[in-house]
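In terms of the working numbering, the first sequence opens at residue 1 and continues consecutively.
Even for Gly, the Cβ is constructed at its ideal location relative to N, Cα and C.
These numbers come from a predicted model, not from an experiment.
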Amino acid sequence: MPRYNPAVIEPKWQAYWESNKTFRTPEMPAGEKVYILDMFPYPSGAGLHVGHPEGYTATDIQSRYWRMRGKSVLHPMGYDAFGLPAEEYAILHNVPPRVSTETNIATFTRQLKDLGFSYDWDRCLATTDKEYFRWTQWIFLLLFDTWFDLEQQRGRPIAELAVPADVVAQGQDAVALFRDKHRLAYQGEALVNWCPGLGTVLANEEVIDGKSERGNHPVQRMPLRQWMLRITAYGDRLISDLDGLDWTLGIKKLQSDWIGRSTGAEVDFPIVSPSEFPSWQNNRIGQLFQDSIPDDVLRIYTTRPDTLYGATYMVIAPEHPAVKKVTTTDSAAAVKQYCDAATFKSDRDRTDGDKRKTGVFTGAYAINPVTFKPIPIWIADYVLIGYGTGAIMAVPAHDERDFEFAKAFNLSVECVVEPPQHESDRDKILNGDRCFTGAGLALNSGSLNGLGTQEALDRIIAELTANGVARQAINYKLRDWLFSRQRFWGEPFPILHELDASGKPTGIIRAVDVKDLPVDLPQLEDYKPHGRPEPPLAKADDSWLYVTIEGKRYRRETNTMPQWAGSCWYYLRFIDPKNSSAIVDREKEKAWMPVDLYIGGAEHAVLHLLYARFWHKVLFDRGYVSQTEPFHKLVNQGMILGEVEFTGFKTLDNQWVSTVHTEKGETGFVHTKTKELLSTVSVADSEVTKVGDNFVLVSDPSIRIDSRAHKMSKARGNVVNPDSVVSEYGADSLRLYEMFMGPLEATKPWSTTGVNGVRNFLDRVWRLMVDTHAEENRLVDCIQDIAPTAEQNRVIHSTIMAVTRDIESLSFNTAIARMMEFVNFFTKETVRPRQGMESLVLLLSPYAPHMAEELWQALGNDHSLAYQPWPNFDESLTRSSEMEVPLQINGKLRAKLVVPADSNAEQLEHAARNHEKLAEWLDGKQIVKAIVVPGRMVNFVIK
RNA sequence: GCCAAAGUGGCGGAAUCGGCAGACGCGCUGGACUCAAAAUCCAGUGUCCUUAACAGACGUGUGGGUUCGAUUCCCACCUUUGGUACCA
């Protein structure tokens with residue numbers, strides 16, 4: 001047989017697997033199941049990136065391993081294909097997004113198949129498939145049909161929502177609007193990034209410094225009718241259910257911080273004159289705190305109601321509805337100017353860079369409901385309209401932000417929490433010259449005086465609740481999910497807006513009947529934005545846009561769903577991809593869920609995983625899935641960087657500058673002292689050397705050189721294309737290399753010589769078994785049907801043991817190292833027992849499946865090894881009869897001792913005391929203590 | 001600023017429980033084979049000092065600590081990477 005040639009072997013086995021449907025998954029698991037899932041890719045025009053095969057190989061190894069261990073394995077692949085790039089491409093080239101998407105999917109599929117992944121391709125799906133998004137729309141309708149019962153903490157059908165009698169009395173339309181307000185999918189006004197220059201709405205990521213990323217046009221924030229999903233209702237469950245998941249603590253914390261639950265109180269501050277206050281207060285006593293905010297108050301949210309006595313001013317967000325109402329005529333001009341400026345800043349810009357506080361006084365005052373004193377109402381953009389009530393009480397003595405603002409605008413600071421004795425700067429704090437945010441004893445706080453922070457908190461909430469001016473409240477940093485996009489290439493909403501005789505919306509909406517799903521996208525001639533903040537679907541023909549049902553005319557919803565929608569439930573569809581009567585068959589769902597192992601990039605740690613968990617919980621509440629959580633174990637693979645590069649810096653007159661004297665300026669790297677712009681120069685390996693911890697120029701060691709791996713990017717020109725790696729080294733080498741680079745979770749640099757190294761290993765495996773000099777298929781003569789020697793057995797069985805253990809703990813790099821040791825050992829053996837060779841082939845098969853199949857065939861087997869039982873090991877054969885034990889004196893290694901492996905502590909100590917090399921160390925010394933760990937070491941403590 | 005992860009040879013990395021630091025691979029050096037080269041095979045390869053050799057000292061970002069013994073545990077600090085950004 002000839003030399004190892006992946007270009008021949010790999011297509012051969014890919015064709016074999018495909019035509020034999022080797023990896024077809026049964027409808028229902030037979031015996032134990034395991035569901036192993038990749039985060040499916042967005043099929044971009046650039047094709048597969050070397051980052052993709054990293055996670056995909058890891059899951060493929062797991063899948064192939066568990067098949068050989070006899071489990072039913074579900075291992076599917078699909079495409080997250082709705083989204084912006086296809087639409088941008090359409091605008092640029094006038095190609096319908098569906099066409100470019102299908103081209104890209106074909107490329108991705110070809111590339112994935114070239115890598116030999118064992119997906120059940122019959123289950124492949126794309127979120128853009130009509131039969132798929134039909135069910136995405138169906139789930140939206142389920143969200144639309146669900147309200148959240150706070151008492152029961154679960155979603156229930158909208159029909160079960162109790163409608164108050166006074167609403168019922170107002171008639172059918174009132175009832176409909178009441179229900180619409182409680183649905184998990186509801187319409188609301190939300191601020192969007194409207195870019196008049198581009199004539200479109202932009203995502204937050206597309207806005208940089210208040211300008212559009214493309215074209216640098218100003219972007220304005222304006223409210224627009226949007227579909228929202230009430231994810232906040234599930235906030236508590238999304239936090240508490242993290243407990244049972246096998247995810248890293250880091251990701252769990254990230255999610256729980258993102259949800260950001262806080263507890264505190266809502267408090268009403270009346271906007272009345274001091275003389276009106278007593279009557280306002282009297283009216284409130286004994287009253288229930290209302291959901292709707294009365295006209296004469298500012299409602300605030302605080303986590304520290306115990307500091308209420310220290311509230312010396314109030315701040316409302318520039319977008320707060322009360323701005324117009326409270327602003328006095330004298331302040332009107334300044335207020336308008338400030339608020340207008342704020343609309344041109346995104347949340348991010350407001351907080352970016354220096355944190356100098358800005359604000360403007362409204363001229364108005366509110367009454368502090370505990371001190372009864374009037375306090376000024378300010379407008380400042382450090383208060384966000386989207387959190388809490390969009391208004392705060394400012395307690396500068398005990399909140400850093402308020403303190404900064406108070407100092408900037410010379411507002412009074414009153415200390416109401418006495419810091420503990422050990423706190424530094426106590427006097428300053430008590431004088432209001434420093435801010436203190438910790439817990440302490442209440443001070444200058446009426447009935448709270450002397451109470452600890454927690455007691456004061458409980459007491460004040462109780463008092464104010466009794467007085468009808470406050471109530472306990474919970475808030476989340478997490479906002480309701482803005483679910484609509486003013487884009488073409490997404491799922492249309494299955495929603496109709498009723499029109500009156502003149503064609504105006506009546507405000508009444510209805511869901512498209514389930515039997516009429518899917519609502520397909522209309523054909524459009526032109527995808528370009530039209531200059532109004534309105535979605536492109538509004539340009540569809542009337543035949544698509546308008547619908548008449550039971551004599552009423554409706555206009556279709558023209559927003560589309562965001563890219564997240566399709567990825568929220570694809571893991572369910574893989575279980576039953578062809579089902580035409582349900583999202584997934586309930587029995588199959590019960591049998592296959594949850595996903596046992598989910599591997600993907602860390603960039604989805606928050607949003608995708610949070611959104612999918614939310615949908616899953618709604619499906620659970622409504623009885624469509626059997627478990628509360630979809631993804632049992634989650635692993636994030638690390639990023640693969642480009643090759644390590646050495647970079648030096650030079651001035652314009654070509655003088656080297658050591659990296660010690662460089663820093664990042666606005667337009668590039670500059671000299672620390674002169675601020676002169678420097679050019680970066682790539683330096684060859686041979687021109688640098690390491691001195692101490694740094695690399696320096698060989699020609700001038702005073703010049704330090706930067707050494708690092710950068711993210712792969714087109715601009716830098718360090719992108720590695722998997723296709724070219726496959727054609728040069730083979731898919732098995734690529735797979736093996738990506739697993740050998742280091743731990744799966746780690747960020748690691750690419751290295752072409754490293755790929756060469758694993759290819760070299762595969763060549764050695766080949767030559768271990770195949771006679772490369774023979775013309776025909778022939779094994780080497782060393783392979784014999786003979787029992788392994790004890791030493792060979794030790795290698796065989798300890799390799800099986802280690803590789804098995806490492807595969808289960810996802811430590812693929814060390815598993816490969818063990819197989820290399822195996823090959824190094826047997827290469828030297830002139831007699832190679834067939835059984836040992838077969839074990840190696842099976843161990844290697846999840847990593848390098850093509851080569852393994854080829855060798856398996858060469859060893860005389862006539863069908864695929866995909867379901868061949870995983871080799872067993874006998875632990876007793878891994879142990880040798882003798883072992884080497886280190887001997888230490890005072891913890892330092894001084895000698896080594898060969899003893900029978902089963903020596904006990906006594907024998908070990910005895911042998912150690914008589915070891916001739918230790919004699920010189922022990923001579924004239926006294927052994928104070930002997931530490932003997934059988935099978936490990938001996939240590940004598942001497943004096 | 002805050003949160004998280006990580007710092008080990010020339011490089012990527014390894015080291016189940018606190019017990020021989022540097023497995024495995026790359027690179028490098030030498031040797032065998034060859035007319036020669038490639039390929040392959042074999043051997044060596046942390047630093048320093050010394051030696052004919054054995055041996056020895058130092059060594060896992062830095063500084064402390066706990067321990068018979070620390071890459072591993074504790075404290076403080078430095079650096080890098082990723083995330084986050086006034087959430088009251």
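**Request:** Thinking residue 962 and residue 717 are a contact (beta carbons under 8 Å), I'd like their distance in whole angstroms, please.
**Result:** There is simply no residue 962 to check, as the chain begins at 1 and stops at 943 in what is shown.
**Item:** Classification of residue 473 by the beta-carbon crowding that lies within 10 angstroms, buried from 16 upward
**Value:** Classification of residue 473: buried, given that the 10 Å Cβ count is 16 or more.
**Message:** Am I right that residue 64 and residue 845 are in contact with their C-beta atoms under 8 Å? What's the rounded C-beta distance?
**Reply:** Residue 845 and residue 64 do touch by the CB rule: their CB atoms are close to 6 Å apart, below 8 Å.
**Item:** Same chain only: Cβ atoms within 6 Å of residue 639, ignoring 5 sequence neighbours per side
**Value:** Closer than 6 Å at Cβ, skipping near neighbours: 747.
**Request:** Buried or exposed for residue 786, please, with buried defined as at least 16 other CB atoms from any protein chain shown within 10 angstroms of its CB.
**Result:** Exposed is the call here.
**Message:** Run through the DSSP bridge pairs and tell me what residue 680 is partnered with.
**Reply:** Residue 680 is bridged to 649.
**Asked** What distance in whole Å lies between the Cβ atoms of residue 312 and residue 363, which are believed to be in contact at a cut-off of 8 Å?
**Response** Their Cβ separation, rounded to whole angstroms, is 17 Å, which puts residue 363 and residue 312 out of contact at 8 Å.
**Request:** Thinking residue 302 and residue 392 are a contact (beta carbons under 8 Å), I'd like their distance in whole angstroms, please.
**Result:** Between residue 302 and residue 392, the beta carbon gap of about 7 Å places them in contact (Cβ cut-off 8 Å).
**Prompt:** According to DSSP, is residue 615 helix, strand or coil?
**Reply:** Residue 615: helix per DSSP, three-state reduction.
**Request:** With DSSP collapsed to three states, give me the class of residue 233.
**Result:** Per DSSP, reduced to three states, the secondary structure at residue 233 is helical.
**Prompt:** Excluding five sequence neighbours on each side, which residues of the same chain lie with their C-beta closer than 8 Å to the C-beta of residue 444?
**Reply:** Excluding residues up to 5 positions away in sequence, 309, 310, 414, 415, 416 lie with their Cβ nearer than 8 Å to the Cβ of residue 444 in the same chain.
**Asked** Who are the Cβ neighbours of residue 580 in its own chain at under 8 Å, not counting the five residues just before and after it?
**Response** Answer for residue 580: 131, listed in chain order.
**Asked** Considering only residues of the segment 230–296, which uninterrupted alpha helix (DSSP H) runs meet the minimum length of 4 residues and lie entirely inside it, listed in chain order?
**Response** Listed in chain order, they are 235–240, 249–259, 277–284.
**Item:** Residue from 299, 89, 81 whose Cα sits closest to the Cα of residue 106
**Value:** Across the set 299, 89, 81, the C-alpha of 81 shows the shortest separation from the C-alpha of residue 106.
**Message:** My output table needs one value for residue 926: the three-state DSSP class, helix, strand or coil.
**Reply:** Residue 926: coil per DSSP, three-state reduction.
**Message:** Just list the residues that DSSP pairs residue 314 with in beta bridges.
**Reply:** 377, 393, per the DSSP bridge assignment.
**Asked** Residues bridged to residue 884 by DSSP?
**Response** Answer by DSSP bridge pairing, in chain order: 898.
**Asked** Got a sec, what are the start and stop residues for the beta strand (DSSP E) residue 189 sits in?
**Response** Counting along the chain, residue 189 sits inside the beta strand (DSSP E) bounded by residues 185–195.
**Prompt:** Measuring CA to CA, which of 647, 687, 77, 619 is closest to residue 53?
**Reply:** Nearest C-alpha to residue 53: 77.
**Item:** residue 353 versus residue 360: straight-line alpha-carbon distance, rounded
**Value:** Its pLDDT being 46, under 50, residue 353 is placed unreliably by the model, and the measurement read from it follows with that caveat. Their Cα atoms are separated by approximately 20 Å.
**Request:** Assign residue 867 to one of two classes, buried (16 or more other C-beta atoms within 10 Å of its C-beta) or exposed (fewer than that).
**Result:** With fewer than 16 other Cβ atoms within 10 Å, it is exposed.
**Request:** Could you pull the start and end residues of the alpha helix (DSSP H) that residue 761 belongs to?
**Result:** Counting along the chain, residue 761 sits inside the alpha helix (DSSP H) bounded by residues 752–769.
**Item:** Rounded separation between residue 894 and residue 872 - CA only
**Value:** C-alpha of residue 894 to C-alpha of residue 872: approximately 39 Å in a straight line.
**Request:** Have a look at 719, 762, 731, 763 and flag the residue whose alpha-carbon is nearest the alpha-carbon of residue 750.
**Result:** Distances from the CA of residue 750 to each of 719, 762, 731, 763 were compared; the closest alpha carbon is that of 719.
**Item:** Exposed unless 16 or more other CB atoms sit within 10 angstroms - verdict on residue 777
**Value:** Counting C-beta atoms within 10 angstroms of its own C-beta, residue 777 has fewer than 16 neighbours from the protein chains shown and is therefore classed as exposed.
**Message:** Assuming contact is defined by CB atoms lying nearer than 9 Å, are residue 267 and residue 469 in contact in what I supplied?
**Reply:** A Cβ-Cβ contact shorter than 9 Å links residue 267 with residue 469.
**Message:** Helix, strand or coil for residue 536? Go by DSSP, reduced to three states.
**Reply:** Looking at residue 536 - three-state DSSP - the assignment turns out to be helix.
**Request:** Note down, one range per segment and in chain order, each alpha helix (DSSP H) of at least 4 residues found wholly within the segment 398–485.
**Result:** DSSP runs (the alpha helix (DSSP H)) wholly in the segment 398–485: 400–409, 426–430, 453–466.
**Request:** With a 10 Å radius around its C-beta and 16 neighbouring C-beta atoms as the bar for buried, classify residue 235 as buried or exposed.
**Result:** Buried.
**Message:** Starting from residue 155, trace the alpha helix (DSSP H) in both directions and tell me its first and last residue.
**Reply:** No alpha helix (DSSP H) contains residue 155, which is instead part of the beta strand (DSSP E) from 154–157.
**Start and end residues, beta strand (DSSP E) containing residue 797** = If you look at residue 797, you'll find it isn't in any beta strand (DSSP E); it sits in the alpha helix (DSSP H) that goes 790–808.
**Item:** Counterpart residues of residue 709 in DSSP-defined beta bridges
**Value:** Paired residue(s): 644.
**Asked** Should residue 952 go down as buried or exposed, given a rule of 16 or more other Cβ atoms within 10 Å for buried?
**Response** The structure shown has nothing for residue 952, since the chain only spans 1 to 943.
**Request:** Report the rounded CA-to-CA distance for residue 471 versus residue 461, giving the unit in angstroms.
**Result:** Rounded to whole angstroms, residue 471 to residue 461 spans 7 Å at the Cα level.
**Message:** Quick check on the DSSP output: the alpha helix (DSSP H) that includes residue 179 runs from which residue to which?
**Reply:** From DSSP, the alpha helix (DSSP H) with residue 179 extends over 172–182.
**Item:** residue 80 - DSSP class collapsed to helix/strand/coil
**Value:** Assignment of residue 80 by DSSP, reduced to helix, strand and coil, places it in the coil class.
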